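Participant: In our numbering, the protein residues as written are 294 to 447. Right, I'll just put the structure down here and ask away after.
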Amino acid sequence: MYEIVKHIDFCFGHRLIDYQGKCNQPHGHNGRVEIRLASDTLDEMGMVADFRDVRHSIQAWIDEYLDHRMILRRDDPLVEAIQALGQHAYLIDDNPTTENLARLVFEQTRALGFPVIAVTLWETPDSHATYAPPPVGAPANGQPAGKEATPART
Ligand SMILES: [Zn+2]
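Below is the structure:
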């Protein structure tokens with residue numbers, strides 16, 4: 294098994310809905326995603342994937358849709374206010390927790406055709422969450438594999 298890792302830094306804002314704590318206020322992070330790609334075999338160049346291709350596709354997607362954006366749950370009342378100001382927010386169906394944003398980047402990376410096995414998102418230098426799907430054939434328990442508890446939101 295070969296594995297490569299790409300880090301992408303970006304800035305984002307979010308807030309949590311139906312959450313008691315200061316993370317229900319709009320706030321921002323200097324986030325970092327770690328994208329892990331793996332393959333049993335290498336391509337004709339001897340690579341799992343070309344880092345340049347990762348930068349051109351995944352980083353371009355993050356730059357266009359997530360960087361310097363508010364990432365909000367679709368039904369957040371803040372969405373209407375932001376759109377009324379002519380600003381853009383990235384909307385998701387779930388609360389924009391670190392865990393859900395890691396899964397979002399994972400699913401986008403897979404949709405772009407990369408052999409992704411896990412995505413970790415650092416919300417702060419000491420708080421991160423990882424999403425990795427359960428292995429094929431593993432019993433589903435409703436919890437993403439590799440999800441790490443984060444005791445306090447920031
Ligand atoms: Zn936060």
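Glycine included, every Cβ here is placed at the ideal spot set by N, Cα and C. No experiment lies behind these values; they were computed from the predicted model shown.
Roughly how many angstroms lie between the CA atoms of Ala442 and Asn317, to the nearest whole one?
Facilitator: Along the sequence shown, one-based indexing puts residue 442 at 149. Along the sequence shown, one-based indexing puts residue 317 at 24. For Ala442, the predicted structure reports a pLDDT of 49, less than 50, and the residue's modelled location is therefore unreliable. A value from the coordinates is still provided. Ala442 and Asn317: Cα-Cα distance of roughly 18 Å.
Participant: Helix, strand or coil for Leu414 per DSSP?
Facilitator: Reading the sequence shown from its first residue, position 121 is the one you call residue 414. Residue state, collapsed to three classes: strand.
Participant: Which stretch, first to last residue, makes up the beta strand (DSSP E) that contains Glu296?
Facilitator: Taking the sequence shown and counting its residues from 1, the one referred to as residue 296 is at position 3. Here the beta strand (DSSP E) through Glu296 covers Tyr295 to His307.
Participant: Candidates Leu309, Gly379, Gly430 and Thr423: which alpha carbon is nearest Ala411's?
Facilitator: Position 118 of the sequence shown holds residue 411. It is Thr423 whose Cα lies nearest to the Cα of Ala411.
Participant: Looking only at its own chain, which residues have a Cβ that is under 8 Å from the Cβ of Met294, when we skip the five neighbours before and after it?
Facilitator: The sequence position of residue 294 within the sequence shown is 1, counting from 1. The answer, listed in chain order, is Ala331, Ser332 and Asp333.
Participant: Would you tell me roughly how many angstroms separate the C-alpha atoms of Asp360 and Gly339, rounded to the nearest one?
Facilitator: For this step, residue 360 is matched to residue 67 along the sequence shown. For this step, residue 339 is matched to residue 46 along the sequence shown. Near 32 Å, if we compare the C-alpha coordinates of Gly339 and Asp360.
Participant: Please determine whether the Cβ atom of Cys304 lies at a distance below 8 Å from any heavy atom of ligand 1.
Facilitator: Indexing the sequence shown from 1 puts residue 304 at position 11. No; taking the cut-off as 8 Å, the Cβ of Cys304 has no heavy atom of ligand 1 nearer than that.
Participant: Measure the alpha-carbon distance for Leu378 versus Glu296 and round it to whole angstroms.
Facilitator: As a position in the sequence shown, residue 378 is number 85, starting the count at 1. As a position in the sequence shown, residue 296 is number 3, starting the count at 1. Near 43 Å, if we compare the C-alpha coordinates of Glu296 and Leu378.
Participant: Which same chain residues end up closer than 7 Å to Thr390 when comparing Cβ atoms and leaving out the 5 residues on each side of it in sequence?
Facilitator: In the sequence shown, the residue the question calls residue 390 occupies position 97. These residues qualify, in order along the chain: Leu309.
Participant: In its own chain, which residues sit with a C-beta less than 8 Å from the C-beta of Val298, not counting the 5 before and 5 after it?
Facilitator: On the sequence shown, residue 298 is found 5 positions in, with the first residue counted as 1. The residues are Glu327, Ile328, Arg329 and Leu330.
Participant: Would you decide whether Arg396 is buried or exposed? Buried here means 16 or more other CB atoms lie within 10 Å of its CB.
Facilitator: On the sequence shown, position 103 is the one that residue 396 refers to. Counting Cβ neighbours within 10 Å, Arg396 comes out buried, since at least 16 surround it.
Participant: Using CA atoms only, rank isn't needed, just tell me which of Asn323, Gly321, Pro319 and Ala342 is closest to Val409.
Facilitator: Your numbering for residue 409 matches position 116 in the sequence shown. Val409 has its Cα closest to that of Ala342, out of Asn323, Gly321, Pro319 and Ala342.
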